[in-house]
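Just below is one structure, and these are the notes that go with it.
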Amino acid sequence: MEKEPNEWGPKAWAHLSAVRAQSPLIQCITNYVSMDLVANTLLSAGASPAMLHTIEEIPDFTPHVRALYVNVGTLSANWLPSMKAAAQLASQLGKPWVLDPVAAGASGFRLNACLELVQLKPTVIRGNASEIIALSRASVGPTKGVDSSHESMDAMEAARCLAEASGGIVAVSGAVDIVTDGRRVVGAHNGVPMMQKITATGCSVTALIAAFVAVDPPHAFEATASALSVYGIAGEMGMSMAKGPASLRMHMIDCLHGLDQAALLSRTNITALS
Amino acid sequence: MEKEPNEWGPKAWAHLSAVRAQSPLIQCITNYVSMDLVANTLLSAGASPAMLHTIEEIPDFTPHVRALYVNVGTLSANWLPSMKAAAQLASQLGKPWVLDPVAAGASGFRLNACLELVQLKPTVIRGNASEIIALSRASVGPTKGVDSSHESMDAMEAARCLAEASGGIVAVSGAVDIVTDGRRVVGAHNGVPMMQKITATGCSVTALIAAFVAVDPPHAFEATASALSVYGIAGEMGMSMAKGPASLRMHMIDCLHGLDQAALLSRTNITALS
Amino acid sequence: MEKEPNEWGPKAWAHLSAVRAQSPLIQCITNYVSMDLVANTLLSAGASPAMLHTIEEIPDFTPHVRALYVNVGTLSANWLPSMKAAAQLASQLGKPWVLDPVAAGASGFRLNACLELVQLKPTVIRGNASEIIALSRASVGPTKGVDSSHESMDAMEAARCLAEASGGIVAVSGAVDIVTDGRRVVGAHNGVPMMQKITATGCSVTALIAAFVAVDPPHAFEATASALSVYGIAGEMGMSMAKGPASLRMHMIDCLHGLDQAALLSRTNITALS
Numbered sequence: 078m079e080k081e082p083n084e085w086g087p088k089a090w091a092h093l094s095a096v097r098a099q100s101p102l103i104q105c106i107t108n109y110v111s112m113d114l115v116a117n118t119l120l121s122a123g124a125s126p127a128m129l130h131t132i133e134e135i136p137d138f139t140p141h142v143r144a145l146y147v148n149v150g151t152l153s154a155n156w157l158p159s160m161k162a163a164a165q166l167a168s169q170l171g172k173p174w175v176l177d178p179v180a181a182g183a184s185g186f187r188l189n190a191c192l193e194l195v196q197l198k199p200t201v202i203r204g205n206a207s208e209i210i211a212l213s214r215a216s217v218g219p220t221k222g223v224d225s226s227h228e229s230m231d232a233m234e235a236a237r238c239l240a241e242a243s244g245g246i247v248a249v250s251g252a253v254d255i256v257t258d259g260r261r262v263v264g265a266h267n268g269v270p271m272m273q274k275i276t277a278t279g280c281s282v283t284a285l286i287a288a289f290v291a292v293d294p295p296h297a298f299e300a301t302a303s304a305l306s307v308y309g310i311a312g313e314m315g316m317s318m319a320k321g322p323a324s325l326r327m328h329m330i331d332c333l334h335g336l337d338q339a340a341l342l343s344r345t346n347i348t349a350l351s
Numbered sequence: 078m079e080k081e082p083n084e085w086g087p088k089a090w091a092h093l094s095a096v097r098a099q100s101p102l103i104q105c106i107t108n109y110v111s112m113d114l115v116a117n118t119l120l121s122a123g124a125s126p127a128m129l130h131t132i133e134e135i136p137d138f139t140p141h142v143r144a145l146y147v148n149v150g151t152l153s154a155n156w157l158p159s160m161k162a163a164a165q166l167a168s169q170l171g172k173p174w175v176l177d178p179v180a181a182g183a184s185g186f187r188l189n190a191c192l193e194l195v196q197l198k199p200t201v202i203r204g205n206a207s208e209i210i211a212l213s214r215a216s217v218g219p220t221k222g223v224d225s226s227h228e229s230m231d232a233m234e235a236a237r238c239l240a241e242a243s244g245g246i247v248a249v250s251g252a253v254d255i256v257t258d259g260r261r262v263v264g265a266h267n268g269v270p271m272m273q274k275i276t277a278t279g280c281s282v283t284a285l286i287a288a289f290v291a292v293d294p295p296h297a298f299e300a301t302a303s304a305l306s307v308y309g310i311a312g313e314m315g316m317s318m319a320k321g322p323a324s325l326r327m328h329m330i331d332c333l334h335g336l337d338q339a340a341l342l343s344r345t346n347i348t349a350l351s
Numbered sequence: 078m079e080k081e082p083n084e085w086g087p088k089a090w091a092h093l094s095a096v097r098a099q100s101p102l103i104q105c106i107t108n109y110v111s112m113d114l115v116a117n118t119l120l121s122a123g124a125s126p127a128m129l130h131t132i133e134e135i136p137d138f139t140p141h142v143r144a145l146y147v148n149v150g151t152l153s154a155n156w157l158p159s160m161k162a163a164a165q166l167a168s169q170l171g172k173p174w175v176l177d178p179v180a181a182g183a184s185g186f187r188l189n190a191c192l193e194l195v196q197l198k199p200t201v202i203r204g205n206a207s208e209i210i211a212l213s214r215a216s217v218g219p220t221k222g223v224d225s226s227h228e229s230m231d232a233m234e235a236a237r238c239l240a241e242a243s244g245g246i247v248a249v250s251g252a253v254d255i256v257t258d259g260r261r262v263v264g265a266h267n268g269v270p271m272m273q274k275i276t277a278t279g280c281s282v283t284a285l286i287a288a289f290v291a292v293d294p295p296h297a298f299e300a301t302a303s304a305l306s307v308y309g310i311a312g313e314m315g316m317s318m319a320k321g322p323a324s325l326r327m328h329m330i331d332c333l334h335g336l337d338q339a340a341l342l343s344r345t346n347i348t349a350l351s
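Chains as they are written, first to last, in my numbering: chain E, 78 to 351; chain D, 78 to 351; chain R, 78 to 351.
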């Protein structure tokens with residue numbers, strides 16, 4: 078797909094600049110595997126991560142954050158109440174909160190937990206195709222007329238249905254990242270395949286979405302697409318120096334930290350898909 | 078010890094190639110410290126890690142994995158039941174499972190937990206000399222006639238006894254890694270000392286063993302030796318670029334990802350020890 | 078501030094050399110985010126980290142360690158009893174223990190937990206300015222006459238009061254790190270700002286303090302200042318090779334591992350502040 082200059086580059090730059098200028102405090106209730114990369118991604122982007130997950134602290138702490146990030150990766154019965162309490166409080170206070178439904182379909186326990194969280198009105202849900210499809214089917218039933226083997230088309234339709242049902246933005250990561258509010262659909266084309274060989278890159282881009290939405294809550298759709306593109310650009314630039322997944326991880330974080338306007342504007346590749 | 082060309086190089090290459098081709102799903106119930114490196118090691122090798130530890134999910138999820146990895150590093154009373162449930166289910170379903178008895182002798186609580194896990198018939202147990210000696214003594218009593226100060230000889234004899242008693246493969250990491258099924262003993266000579274200055278390298282090689290055994294369950298002995306050698310080779314190749322333990326960690330993962338047949342065949346160094 | 082040659086370089090070198098020679102076993106009950114960097118920092122410095130946090134293991138294990146490190150970063154109700162039990166046992170056995178009161182003021186629950194831990198007589202408390210101020214105010218009331226907007230002055234006075242009240246050493250990280258025993262005050266001037274863009278650097282330097290105090294318990298004040306300076310020097314040396322926070326993290330650990338006497342003596346920058 079040919080990239081055309083459009084309004085997305087300046088939007089993405091505005092979001093990144095706002096994160097750097099405001100350093101929004103982002104509460105992360107995320108899985109153990111991802112904590113290091115999530116925190117370092119947020120710091121590199123200019124945000125301020127706070128990894129507090131304990132239910133006793135939520136009433137005191139969550140009111141002070143700019144956004145909440147919930148990720149169910151290493152879900153357990155004693156973390157779920159915290160996730161729900163924090164999400165509920167964020168919703169009540171009108172603060173954006175973002176859900177990463179890792180492996181949503183891996184068990185009945187996990188799928189139910191994700192459905193309960195979806196009912197607390199996440200501002201954004203980001204997953205891979207199978208996660209979004211599992212969640213959409215469990216939320217709104219099988220997508221009508223879509224039983225093709227084209228997973229990307231399934232995912233787009235599932236994302237649209239889930240966005241409508243949840244009232245939030247839904248993003249699907251893949252070769253092209255899809256973002257929809259149930260009506261509009263855009264594709265973010267940045268990124269490199271080797272990012273999938275690094276654990277927690279999905280978790281980390283969801284955290285970045287939380288930071289971007291934190292500085293522009295009225296435009297969660299645009300902020301989500303911007304964050305996906307910026308993270309993908311950091312991956313592309315890191316890839317030019319990388320010799321494998323571990324050096325890519327390092328260069329990617331460095332590039333996110335150093336990303337300047339010219340590079341971002343020339344590389345942002347977001348297009349309308351519908 | 079002079080390295081002689083033998084059948085091990087092609088075996089190790091066959092195992093690594095199978096992991097890359099099949100991308101086996103490996104459930105990891107491992108300690109907090111190691112989760113990042115374990116997941117990235119498995120991804121670099123071509124496997125597919127799943128860090129699910131919650132007891133509610135095991136009946137749904139464990140039947141879909143190719144192998145299970147249990148590591149007691151940051152053991153606690155509320156993780157142990159999950160470890161046992163997953164190990165039991167894996168055993169019942171005939172799936173390989175691998176145990177890393179980190180610091181087995183550090184406390185009575187931990188030693189008992191390890192003994193309970195050993196009774197669930199791990200396909201492979203990998204530890205360092207003191208861990209295997211502690212576990213062997215607690216399982217089968219002091220090794221007869223071995224009270225020398227030569228820890229490596231103690232470890233070999235302890236490993237043999239533990240392998241016989243447990244019915245599985247036992248591997249002991251050290252300057253030379255020892256692998257035994259109670260009868261055969263081989264030594265894997267690859268690796269560099271600085272790997273011990275990186276946290277969770279032991280945990281990670283045990284995860285790699287799980288991936289190798291997953292693609293060749295009938296030959297767990299060979300798969301274990303292959304995994305130890307491949308990981309050691311990645312360390313050797315990484316060491317040629319490293320300036321310290323943190324850059325070694327990075328280069329090692331990159332090298333594991335990029336390891337090609339020629340390098341592997343020329344470097345694999347596994348010899349019979351008995 | 079002009080650096081003058083003084084006795085601190087040789088002291089810092091003596092502490093680092095002792096850690097390398099003795100490889101003290103340091104029990105770490107630390108937050109999930111920091112575990113990887115804490116363990117790798119201790120290993121690079123020559124110490125031996127043990128990440129055991131389970132209350133059942135403390136009576137067996139804690140008596141064997143040279144020092145204990147407690148960090149409340151991802152505090153929860155079921156970890157707090159372990160922290161208190163280990164701290165109490167360390168105190169009873171005359172072993173040094175070091176507290177990192179991460180985000181002490183973030184919630185009532187957390188502040189109370191920190192106060193309970195302070196009552197167990199930590200050998201050293203290290204935090205940033207806002208953490209030390211929150212803890213000092215909660216321990217001894219508002220610092221008299223200090224209501225200026227100069228946070229660094231507030232912090233110094235708060236540190237002094239907290240040191241007097243707790244009977245231990247208090248360190249405050251910042252542009253200049255402050256160390257006080259309630260009477261003496263020194264500033265450690267090493268380090269670079271980008272270290273704050275790496276998660277868990279604060280946690281890691283507190284772990285390093287534990288290792289340094291472990292090899293010189295009678296001189297916890299000097300050992301604390303040495304550790305802060307050595308960690309800062311590793312950051313300075315790493316910075317000369319870094320292209321961003323992720324490569325700084327790597328080079329910093331490599332430099333800590335390779336730090337030699339000449340570099341340390343020429344760079345140590347600790348001065349009396351009162």
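Ideal Cβ positions, reconstructed from N, Cα and C, are used throughout, including at glycine. Quantities reported herein were computed from a predicted structural model and do not represent experimental measurements.
State yes or no: is the C-beta of residue i within less than 9 Å of the C-beta of residue j?
i	j	result
D/W85	D/T345	yes
R/V201	R/V249	no
R/A122	R/V307	yes
R/V269	R/L305	no
R/G182	R/A162	no
E/K198	E/S243	yes
E/S324	D/H92	no
E/F138	D/E134	no
R/L175	R/A277	At residue 175 of chain R the sequence reads Val, which differs from the Leu that was named. The answer is no: Cβ separation not under 9 Å.
Would you kindly work out how many angstroms separate the C-alpha atoms of residue i and residue j, rounded to a whole number?
i	j	result
E/G309	E/N267	5 Å
D/S111	R/G335	24 Å
R/P140	R/T131	14 Å
E/D258	E/R214	17 Å
R/C238	R/V149	21 Å
R/A127	R/S216	30 Å
D/Q104	E/D177	20 Å
R/L166	R/V96	23 Å
E/A190	E/N117	27 Å
D/G279	D/I106	15 Å
E/P101	E/T301	16 Å
D/A288	R/A265	47 Å
D/D254	D/A349	12 Å
R/A319	D/E241	51 Å
E/D337	E/W90	9 Å
R/V142	D/K274	19 Å
On the DSSP bridge assignment, give the partners of residue i in chain order.
i	result
E/W174	E/L145
R/N205	R/S250
R/P126	R/I103
E/G264	E/I255 and E/T348
Could you check if residue i is buried or exposed, using at least 16 other CB atoms within 10 Å of its CB as the buried criterion?
i	result
D/E193	exposed
D/R260	exposed
D/L170	exposed
D/A297	buried
R/G315	buried
E/S343	exposed
R/S317	exposed
Between the Cα of residue i and the Cα atoms of the options, which residue gives the shortest distance?
i	options	result
R/A291	R/A144, R/G259 and R/L119	R/A144
R/M271	R/A311, R/A302 and R/L129	R/A311
D/Q99	D/N108, D/N83, D/V115 and D/L119	D/L119
R/M230	R/A206, R/M318, R/G218 and R/A284	R/A206
E/V179	E/L152, E/A340, E/L341 and E/Q196	E/L152
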